[in-house]
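Top line first, the protein sequences correspond to chains A and B.
Residue numbers for the first sequence follow our numbering, beginning at 180 and rising by one.
Residue numbers for the second sequence follow our numbering, beginning at 180 and rising by one.
Beta carbons are placed, not taken as given, at the ideal position from N, Cα and C, and that holds for glycine.
The structure under discussion appears below in the form of structure tokens.
2 protein chains.
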Amino acid sequence: MTSAIRDEAPAPEALRQMELFAGLPMEALTGVAAMARGRHLPRETRIFSQGDPGVRTHAVIAGGVRISQSGSDGAQIVVRFVGPGEMFGTVALFTDGRYPADAVTIAETFEASWSEADLRILMARYPQIAINMIRIIGTRLQEVQERVRELATQNAERRVAHAVLRLARQAGQAIGGGTAIAFPLRRKDMADIAGTTLHTASRILTGWTKQGLVASRNRRLIVLKPGDIQRIAEQANG
Amino acid sequence: MTSAIRDEAPAPEALRQMELFAGLPMEALTGVAAMARGRHLPRETRIFSQGDPGVRTHAVIAGGVRISQSGSDGAQIVVRFVGPGEMFGTVALFTDGRYPADAVTIAETFEASWSEADLRILMARYPQIAINMIRIIGTRLQEVQERVRELATQNAERRVAHAVLRLARQAGQAIGGGTAIAFPLRRKDMADIAGTTLHTASRILTGWTKQGLVASRNRRLIVLKPGDIQRIAEQANG
DNA sequence: GCAAGGGTTTGCGCCAGCGCAAATTTTCGG
DNA sequence: CCGAAAATTTGCGCTGGCGCAAACCCTTGC
Chain A
180 MTSAIRDEAP APEALRQMEL FAGLPMEALT GVAAMARGRH LPRETRIFSQ GDPGVRTHAV
240 IAGGVRISQS GSDGAQIVVR FVGPGEMFGT VALFTDGRYP ADAVTIAETF EASWSEADLR
300 ILMARYPQIA INMIRIIGTR LQEVQERVRE LATQNAERRV AHAVLRLARQ AGQAIGGGTA
360 IAFPLRRKDM ADIAGTTLHT ASRILTGWTK QGLVASRNRR LIVLKPGDIQ RIAEQANG
Chain B
180 MTSAIRDEAP APEALRQMEL FAGLPMEALT GVAAMARGRH LPRETRIFSQ GDPGVRTHAV
240 IAGGVRISQS GSDGAQIVVR FVGPGEMFGT VALFTDGRYP ADAVTIAETF EASWSEADLR
300 ILMARYPQIA INMIRIIGTR LQEVQERVRE LATQNAERRV AHAVLRLARQ AGQAIGGGTA
360 IAFPLRRKDM ADIAGTTLHT ASRILTGWTK QGLVASRNRR LIVLKPGDIQ RIAEQANG
């Protein structure tokens, strides 16, 4: 999977895994692949910045990207982490044409992208792509909505628990005795995801570590007892 | 505008105003109108409940609808208020087929709706509808994202200020010396929108009333000094 | 191997705002 | 117009978690 990280067009087989192109015939995937620009990027590379005119739609083939947003005041939050097979920067095309957030790689990453013009051509030719996109954005809308509810009603520990479970589901890989989250994550990242501060996130995770619920190996979080974390996420406040 | 509240198909002209059908030829609108089911509903009528299988897409022609969501714990938030020309219940069609929230009228309302089958037929015939829907959901995604950032980084007063401004922009109508929000809004509603409690929302709004920034006339909030509220919304915390 | 710098942990004080409860006002049916 | 029910306002005490600051630890380059 990580063996093919080079600067070239992505393989049609890789695209089949992608939510946006699901259900397309092989012949279509070949066309999609031909229109793609593939790029191999080192970690901590900025792909686009908030406010940039959004001319391309992106997808992660391998690696990971952090999407973060900052307000007119300095305040910053992490919108989400994008892993293999997921799209990002798509919404900009159809709204005001500007990227609503920053995108920065968090590891060595192979990324594919399509121009707005090409994507519209593809959509016109294969309406399934438009339907897929509605489903993708719709699902994301529901997830973000869920996050709003969490922020409004749950305390910090529950929010961190939810964030950890979400990340494990999205980017977890089995490791001896637990599930490791693929990306390296700083405490600040966890805090920004869960909507709390560095300090509070640190306290919570340290507490969990002492209880043996999670562990950390060089910036990578390992979930040892998902059941217990689940319980924290679900328990009533207080 | 409110004169035509009766139980019948909506006029094609009314549909032209709707974001989902923008840019369609008149002949298409006639078809869309023919497929619609129009209903006149008294206030506090439940249109659908969270978890119901989502078989129809809805639009408000006149009146207003409150969309609220409750978690597995009892906690509840107001997702948004839907005014004339806006759609609701659309996302359910393309994701898991269940409504993700409750919809209840907050005033006498004329609502139109389309079946999933009809909507898919329309989309196949007029691809512009699919594009419109992507833009609508995309815009909403950005707004909700914004709300996440607010909740994570701003204090209660700023959040209430943002909520009031958003409502005034969305459903404001000029009234002698100010902008009135069309719907009747309880303190609890304001609290749920801003992600705070009934009590805190009450204190804040009472404070503003004493300073002459807002006024209340039978449940309807009137914004007297939008500039000052804007300033509160933008000021740094503390 | 060591020093420098970034990331993390932790102690401590403080306050925004939650929650309870009671008083007050508004709404609404009859 | 009256009384009951609902909504709103307000006082008060308490606490989660923020913010500062210091100490600690772990990487990374030389």
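Through-space distance from residue j to residue i, alpha-carbon basis
i, j, result
"B/THR385", "B/VAL257", "21 Å"
"B/ILE401", "B/GLU223", "22 Å"
"A/ALA188", "A/ALA291", "8 Å"
"A/GLU413", "A/LYS404", "15 Å"
"B/GLY356", "A/ILE383", "51 Å"
"B/GLY276", "A/ARG328", "21 Å"
"A/ALA309", "B/GLU295", "16 Å"
"A/THR388", "A/SER381", "10 Å"
"A/ILE408", "A/LEU392", "7 Å"
"A/THR376", "A/ALA254", "11 Å"
"A/TYR305", "A/ARG365", "41 Å"
"B/SER395", "A/THR358", "54 Å"
"B/ALA238", "A/VAL239", "36 Å"
"A/VAL270", "A/ALA286", "24 Å"
"A/GLY374", "A/SER251", "17 Å"
"A/ARG348", "B/ARG348", "39 Å"
Exposed unless 16 or more other CB atoms sit within 10 angstroms - verdict on residue i
i, result
"B/GLN324", "buried"
"A/PRO279", "buried"
"A/GLN248", "buried"
"B/GLY230", "exposed"
"A/MET205", "exposed"
"A/GLY406", "exposed"
"A/GLN321", "buried"
"A/PRO191", "buried"
"B/ALA353", "exposed"
"A/ARG419", "For residue 419 of chain A there is no data in the structure shown, the boundaries of chain A being 180 and 417."
"B/ALA303", "exposed"
Close-in-space but distant-in-sequence residues of the same chain around residue i (CB under 6 Å, 5 per side omitted)
i, result
"B/SER182", "Residue placement at B/SER182 cannot be trusted, given a pLDDT of 35 that sits under 50; what the coordinates show is reported in the next sentence. Cβ within range, chain order: n/a, list empty."
"B/ALA331", "none"
"B/PRO228", "Looking at the sequence provided, one finds Ser at residue 228 of chain B rather than Pro. Within the same chain, B/SER228 has close Cβ partners ASP281."
"B/LEU298", "THR236"
"A/THR379", "ALA335"
Cβ pair residue i, residue j closer than 9 Å
i, j, result
"A/VAL343", "A/MET312", "no"
"B/GLY262", "B/THR236", "no"
"B/ALA282", "B/VAL339", "no"
"A/LEU272", "A/GLY233", "yes"
"A/LEU346", "A/MET214", "no"
"A/ILE226", "A/THR284", "yes"
"A/ARG326", "A/GLU198", "no"
"A/GLN307", "A/GLY217", "no"
N-terminal and C-terminal residue of the alpha helix (DSSP H) that residue i is part of
i, result
"A/LEU344", "335-350"
"A/VAL270", "270-273"
"A/LEU377", "377-389"
"B/GLY317", "306-332"
"A/GLN255", "Unbroken run through A/GLN255 is the beta strand (DSSP E), 255-261; no alpha helix (DSSP H)."
"A/LEU203", "Careful: A/LEU203 lies outside any alpha helix (DSSP H) and carries neither H nor E."
"B/GLY406", "405-413"
"B/GLU265", "Here B/GLU265 belongs to no alpha helix (DSSP H), and DSSP marks it neither H nor E."
Beta strand (DSSP E) segment containing residue i, residue limits
i, result
"A/SER251", "It is not in any beta strand (DSSP E) - A/SER251 carries neither H nor E in the DSSP assignment."
"B/ILE360", "357-360"
"A/VAL234", "Where A/VAL234 is concerned, there is no enclosing beta strand (DSSP E), given that its DSSP letter is neither H nor E."
"B/GLU290", "288-294"
"A/LEU400", "399-402"
"B/ALA282", "281-284"
"B/LEU364", "From DSSP, B/LEU364 is part of no beta strand (DSSP E); its letter is neither H nor E."
"B/ARG225", "225-227"
"B/MET217", "Residue identity differs from the one stated: residue 217 of chain B is Gly in this sequence, not Met. Unbroken beta strand (DSSP E) run through B/GLY217: 216-220."
"B/ARG396", "393-396"
Beta-carbon proximity list for residue i, same chain, < 8 Å, skipping 5 on both sides
i, result
"A/ALA350", "GLY243, PHE260, GLY262, ILE360, ALA361, PHE362"
"B/ASN397", "PRO363"
"B/ILE246", "VAL257, VAL258, ARG259, PHE260, VAL261, PHE267, ALA280, ASP281, ALA282"
Same chain, Cβ closer than 7 Å to residue i, five either side skipped, listed in chain order
i, result
"B/GLN390", "none"
"A/LEU194", "PHE200, LEU208, VAL211, ALA212"
"A/GLN196", "GLY264"
"B/ILE411", "GLU336, ARG337, ALA340"
"A/TRP293", "MET214, ALA215, ARG235, THR236"
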